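Trainee: First the structure, then my questions, so here it is.
Number of protein chains: 2
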Amino acid sequence: MSESKADQPDETAKPRRRQARGERRIQQLLDAAASVFCRTGYTSASTNAIAREAGVSPGTLYQFFPNKEAIAVELGERLNRRMLETHGVVFTFENTALPLRELLDAVLDPMIEFNCANPAFWTLLQSSDAPGHFLEEHAALHDSIQTRISELIGVRNPGLSPERRTHTATMAFALFKAGLGLILGHEGAEREAYVAELKTALYGYLAPVLGTEGVPAQP
Amino acid sequence: MSESKADQPDETAKPRRRQARGERRIQQLLDAAASVFCRTGYTSASTNAIAREAGVSPGTLYQFFPNKEAIAVELGERLNRRMLETHGVVFTFENTALPLRELLDAVLDPMIEFNCANPAFWTLLQSSDAPGHFLEEHAALHDSIQTRISELIGVRNPGLSPERRTHTATMAFALFKAGLGLILGHEGAEREAYVAELKTALYGYLAPVLGTEGVPAQP
DNA sequence: CAAGAATGCGAGCGGTCGCTCGTGTTTGTC
DNA sequence: GACAAACACGAGCGACCGCTCGCATTCTTG
Chain F
19 MSESKADQPD ETAKPRRRQA RGERRIQQLL DAAASVFCRT GYTSASTNAI
69 AREAGVSPGT LYQFFPNKEA IAVELGERLN RRMLETHGVV FTFENTALPL
119 RELLDAVLDP MIEFNCANPA FWTLLQSSDA PGHFLEEHAA LHDSIQTRIS
169 ELIGVRNPGL SPERRTHTAT MAFALFKAGL GLILGHEGAE REAYVAELKT
219 ALYGYLAPVL GTEGVPAQP
Chain P
19 MSESKADQPD ETAKPRRRQA RGERRIQQLL DAAASVFCRT GYTSASTNAI
69 AREAGVSPGT LYQFFPNKEA IAVELGERLN RRMLETHGVV FTFENTALPL
119 RELLDAVLDP MIEFNCANPA FWTLLQSSDA PGHFLEEHAA LHDSIQTRIS
169 ELIGVRNPGL SPERRTHTAT MAFALFKAGL GLILGHEGAE REAYVAELKT
219 ALYGYLAPVL GTEGVPAQP
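Taken in sequence, the protein lines are chains F and P. Just so you know, the first sequence maps onto residues 19 to 237 in the working numbering. Just so you know, the second sequence maps onto residues 19 to 237 in the working numbering.
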């Protein structure tokens, strides 16, 4: 059960050297997993189905992942990292000062676009019925996003009590996920309509708390 | 595989005569199913676990239900029927004329109370990843509630186009389900806080569409 | 090229799940 | 009490699932 022969117990160690071929396989497997998870959800997705979708034998899958959980965890981590890398900017101070309507556009549009391109992310966010250690990763994913929302609310309205701030952020995130589900469930004009509805809903919810006007630059 | 020996193929026939004991067993099994579904979700719930929770053998379970789907379908139908019987009144015209805030109280409070007492209902509403024919029942459940919401919106604002009305009802229902999830996930003061947040959110979303004032009685 | 590591395969193991079936018990009817 | 129908049991069947293992192939490194 020893994980590495190195004297220094490297936390992030991948004790196995990977060839380029291996990295490619991992990506294939994660793409296949994303597809299968989207279609059937995490619990009903079978590792054999993921391997088949990736055009690979079950044994090959387990060359790269110790178990089914690890696939979902790695997929969630990669998607979350990619989302923060490409769109994490939306939570910065420049946007915080915008009028609420434009703030929502600036935050929601990239998020929605990312989730439409990677619908597996929403699926993972929704699968709270998963068994085992994947629950921890699920919670981590959740917190990662919700913390950003909470911070944004805090900067925008510093007078809010910590409890109210948490409640507002939690509810705002829940509303966002709900709207995202509708958005992902439709296409074309319908999808755009639900994007507009979601923005209306969040505007109506947040306006009394955050104010509709932009905040003037601090001296 | 013949379902009945009767000459006339009765659609709604229960070809099996039930004794009082049987009806009691059915209720025990549905209660157990509700409990297990809540704990693990529909897919991960095993029929053996349901039977065990009901204090009954697997064979006995299949004396009353042809398969696992049928349990969820029957449970969903019963819960839906019971909700409409006890709280269906909230969608009537008397409430429609109230100021929006009171309208929301009148509609949401009974709904929330019912779902807190029967959390399995929300679980069934959420399990859209279920396989097989249960999907149809799931959709029926959904429509049953959403139609009520749509009608209420239609009465309150007759000028709305059918598309906008559908979008508004769908989004309102999605927001409600999201808030309900938070409410069911907390207890005591936290729960009350999320009830208030949900009402705030729906008020903010619906006020621009339905108006905040009450509608005067029609001549 | 030789050798070892990484990659790839797929039959199949242990386990669970949905569900069945043979058998025995309780209940209602005459 | 006699008889049939409804109810109850629980071992276990077939299917599938997560995962393993022995072995073949390909890559890297010297």
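Ideal placement from N, C-alpha and C gives every residue a C-beta, glycine not left out. In this text, all values refer to a predicted model and were calculated from it rather than measured experimentally.
Just to confirm, are F:L216 and F:N133 a CB contact at a threshold of 8 Å?
Mentor: Contact flag unset, no.
Trainee: Which bits of chain F does P:D283 rub up against, with CB to CB less than 7 Å?
Mentor: In the structure as shown, chain P begins at 19 and stops at 237. Residue 283 of chain P is therefore absent and cannot be evaluated.
Trainee: By the 8 Å beta-carbon criterion, what residues does the region 188 to 201 of chain P contribute toward chain F?
Mentor: Shown in chain order are the members of the region 188 to 201 of chain P whose Cβ falls below 8 Å from a Cβ of chain F: T188, M189, A192, L193, K195, A196, G197, G199 and L200.
Trainee: Using only the heavy atoms of the ligand SAM, determine whether one of them is closer than 7 Å to the beta carbon of P:L202.
Mentor: Within the structure as shown, the ligand SAM is missing, as the structure has no ligands at all.
Trainee: So is F:G177 buried or exposed if we call it buried at 16+ other beta carbons inside 10 Å?
Mentor: exposed
Trainee: Whole angstroms is fine: what's the gap from P:T58's alpha carbon to F:D147's?
Mentor: 6 Å
Trainee: Taking P:F109 as part of the alpha helix (DSSP H), name the residues at either end of that continuous run.
Mentor: From DSSP, P:F109 is part of no alpha helix (DSSP H); its letter is neither H nor E.
Trainee: Just how far apart, CA to CA, sit P:A115 and P:L121?
Mentor: 8 Å
Trainee: Skipping 5 residues on each side, what residues in its chain have a beta carbon closer than 6 Å to that of P:L198?
Mentor: N133 and W140
Trainee: Of all the options F:L126, F:Q46, F:H204 and F:T110, which has the alpha carbon lying nearest to the alpha carbon of F:F82?
Mentor: F:Q46
Trainee: I want to verify the contact list: residues of chain F whose CB lies under 8 Å from the CB of P:A219, in sequence order.
Mentor: M189, L193, A219, G222 and Y223
Trainee: Grab me the residues of F:H105's own chain with a C-beta within less than 7 Å of its C-beta, minus the 5 sequence neighbours each way, in chain order.
Mentor: P128, M129 and F132
Trainee: Under 8 Å, do P:H185 and F:Y212 count as touching if we go by C-beta distance?
Mentor: yes
Trainee: Here's the rule: buried if 16 or more other CB atoms are within 10 angstroms of the residue's CB, otherwise exposed. What is F:F111?
Mentor: exposed
Trainee: Leaving aside the five residues before and after P:Q164 along the sequence, list all residues of the same chain whose C-beta is less than 8 Å from its C-beta, in chain order.
Mentor: A187, T188 and F191
Trainee: I need the DSSP call for F:A24, collapsed to helix, strand or coil.
Mentor: Any reading at F:A24 needs caution, since the residue's pLDDT is 36, under 50, leaving its predicted position unreliable; the model's value is listed next. In the structure shown, F:A24 sits in coil (DSSP, three-state: anything other than H, G, I, E or B).
Trainee: Find the residues of chain F that neighbour P:P226, judging by a C-beta separation of less than 8 Å, and give them in chain order.
Mentor: T218 and G222
Trainee: Are the region 66 to 84 of chain P and the region 60 to 76 of chain F touching, with three or more C-beta to C-beta distances below 8 Å?
Mentor: no
Trainee: Quick check on P:A211 - is its C-beta less than 8 Å from some C-beta in chain F?
Mentor: yes
Trainee: Taking 8 Å as the CB-CB limit, is F:H185 close to chain P?
Mentor: yes
Trainee: Could you give the DSSP three-state label for P:P149: helix, strand or coil?
Mentor: coil
Trainee: Could you say which of F:I68, F:R35, F:A52 and F:A124 lies nearest to F:E95 if we only look at CA atoms?
Mentor: F:A52
Trainee: Which two residues bound the contiguous alpha helix (DSSP H) that contains P:N66?
Mentor: T65 to E71
Trainee: From F:H160 to P:K86, what distance separates their C-alpha atoms?
Mentor: 32 Å
Trainee: For the alpha helix (DSSP H) holding P:G232, just list the boundary residues, first then last.
Mentor: Note, P:G232: premise wrong, no alpha helix (DSSP H); not H, not E.
Trainee: Going by C-alpha distance, which of P:P137, P:P226, P:I44 and P:S162 is nearest P:E205?
Mentor: P:P137
Trainee: Is P:E215 close to chain F, meaning its C-beta is less than 8 Å from at least one C-beta of that chain?
Mentor: yes
Trainee: Quick check on DSSP: helix, strand or coil for P:G222?
Mentor: Here P:G222 carries a helix assignment [DSSP, helix/strand/coil].
Trainee: When you compare only the Cα positions, how much space is there between F:Q37 and F:R209?
Mentor: CA-to-CA, the gap between F:Q37 and F:R209 works out to about 42 Å.
Trainee: Roughly how many angstroms lie between the CA atoms of P:C56 and F:G232, to the nearest whole one?
Mentor: 44 Å
Trainee: Could you check which residue in P:R119, P:F152 and P:L97 has the C-alpha nearest to that of P:P226?
Mentor: P:R119
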